[in-house]
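Asks: Residue 211 in our numbering sits at position 209 of the sequence shown, and the numbers go up by one each step.
We put the beta carbon where it would ideally sit given N, CA and C, even for glycine.
Quick caveat, the model's predicted, so the values are computed rather than measured.
Quick one: the structure is below, and I'll ask about it shortly.
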Amino acid sequence: LCYEYHLEPEIYSFALLRAFLECGQRLGIRQYPIHLKLDTGMHRLGFTQADIPTLLALLQSQKTLMLSSVFTHLAGSDEACFDDYTTLQWQAFDAMSSQIRAAFPYAIDRHILNSACIERFTQWQCERVRLGIGLYGISPVNQQALMQVASFKTQILQLHHYAKGESIGYSRKAYLERDSVVATIPVGYADGFLRRNKGGEVLVNGRRARLLGNICMDACMVDVTDIPDVKEGDTVVLFGDSLSISQVAERLDTIPYEILTSVSQRVKRVYFHE
Numbered sequence: 003l004c005y006e007y008h009l010e011p012e013i014y015s016f017a018l019l020r021a022f023l024e025c026g027q028r029l030g031i032r033q034y035p036i037h038l039k040l041d042t043g044m045h046r047l048g049f050t051q052a053d054i055p056t057l058l059a060l061l062q063s064q065k066t067l068m069l070s071s072v073f074t075h076l077a078g079s080d081e082a083c084f085d086d087y088t089t090l091q092w093q094a095f096d097a098m099s100s101q102i103r104a105a106f107p108y109a110i111d112r113h114i115l116n117s118a119c120i121e122r123f124t125q126w127q128c129e130r131v132r133l134g135i136g137l138y139g140i141s142p143v144n145q146q147a148l149m150q151v152a153s154f155k156t157q158i159l160q161l162h163h164y165a166k167g168e169s170i171g172y173s174r175k176a177y178l179e180r181d182s183v184v185a186t187i188p189v190g191y192a193d194g195f196l197r198r199n200k201g202g203e204v205l206v207n208g209r210r211a212r213l214l215g216n217i218c219m220d221a222c223m224v225d226v227t228d229i230p231d232v233k234e235g236d237t238v239v240l241f242g243d244s245l246s247i248s249q250v251a252e253r254l255d256t257i258p259y260e261i262l263t264s265v266s267q268r269v270k271r272v273y274f275h276e
């Protein structure tokens, strides 16, 4: 599929390299770009320093593949307490990538900086950077420097007036402490709105409103008693303006990445261009 759709793969192991090389040779491919991943301390995927001699010998013995870039991934670049370790990773990457680049007559790019590192270690920019969560306006370092651009919105599906003492939702986990106006919204854990959001808040017409009871598969309920002029069809923000992804993540004792990647494929995506 990579060859068919002109995708440039990340190669992190000899098994993957040999498989991709053999496929390319069968197809008669020449100088197809690949990207080598080096393990400098993350210890997840990648070639190690000990692999370099064998790796270079294999790559130099063929004409099917060519190196577009070499890169590594930092384990703790967003936390100052790991700066010494981050520096050691850079030093290892600099040495390994220099050894690889010296073995070929063409230019090979390097990249090591992720979103946090782009802000904290500009001296290691190299030829490329990898802006990941920063593309969504989320900073692991200084949120004031970026504007969040991702939001998760829905609308009120139905409104009900319930008396004090009524229970709301599965397992009767919430009981109303007053006569209340309750809104049902068509978002649940199947959409990536995690069950851990129970008891949290959403924005209804720009005002905070508390979630009631358990989060259902396809819906959840919100106390909108204090929202003036609320009506069916009004906008509900699960995260976005005035209710940031970072705030939601902090309440759930997780990271913004989990909040974003949990939003399921059945949620409609709307893109705005300026």
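Output yes or no for whether 7 Å exceeds the beta carbon distance between T66 and G26.
Replies: It is a contact, given that the beta carbons lie within the stated cut-off.
Asks: Who pairs with P35 in a beta bridge, going by DSSP?
Replies: M68
Asks: Could you pull out every unbroken alpha helix (DSSP H) segment of at least 4 residues lying fully inside the stretch 102 to 129, listed in chain order?
Replies: 117 to 122
Asks: Is it the case that the Cβ atoms of P277 and I140 are separated by a distance below 7 Å?
Replies: Nothing in the structure corresponds to residue 277, since the chain is present only between 3 and 276.
Asks: Would you mind stating whether T42 and Q101 have Cβ atoms separated by less than 7 Å?
Replies: no
Asks: Who are the Cβ neighbours of S173 in its own chain at under 7 Å, not counting the five residues just before and after it?
Replies: N216
Asks: Cα separation between D109 and R103?
Replies: Before going further, note that residue 109 is Ala rather than Asp in the sequence given. Spanning the two alpha carbons is a distance of roughly 7 Å.
Asks: T156 lies in the alpha helix (DSSP H); which residues open and close that run?
Replies: First-last for T156: F154 to Q157, but that is the beta strand (DSSP E), not the alpha helix (DSSP H).
Asks: For the stretch 122 to 142 against the stretch 224 to 233, do three or more pairs of beta-carbon atoms, one drawn from each stretch, fall closer than 8 Å, so that the two count as touching?
Replies: The stretch 122 to 142 is not in contact with the stretch 224 to 233.
Asks: Could you give the first and the last residue of the continuous beta strand (DSSP E) run that contains C222?
Replies: C222 to D225
Asks: Taking C-alpha atoms, which residue in R212, R180, V250 and G167 lies nearest to T186?
Replies: Relative to T186, the option among R212, R180, V250 and G167 whose CA is nearest is R212.
Asks: Mind reading off the beta-carbon distance from Y191 to M219? Whole number of angstroms is fine, and I expect it under 8 Å.
Replies: Contact between Y191 and M219 holds, with the beta-carbon distance rounding to 6 Å and staying under 8 Å.
Asks: Within 10 Å of its beta-carbon, does L115 have 16 or more other beta-carbons around it, so buried, or fewer, so exposed?
Replies: buried
Asks: Just verifying my parser: in three-state terms, what is the DSSP assignment at E179?
Replies: Here E179 sits in coil by DSSP.
Asks: DSSP three-state call for R174: helix, strand or coil?
Replies: helix
Asks: Roughly how many whole angstroms lie between the Cα atoms of A152 and V265?
Replies: 11 Å
Asks: Alpha carbon to alpha carbon, what distance is there between T256 and G202?
Replies: 14 Å
Asks: So if DSSP puts T186 in a beta bridge, which residue, or which two residues, is it bridged to?
Replies: Q160 and M223
Asks: Report yes if the C-beta distance between K39 and E10 is below 7 Å; otherwise report no.
Replies: no
Asks: F49 bridges to which residues according to DSSP?
Replies: L40
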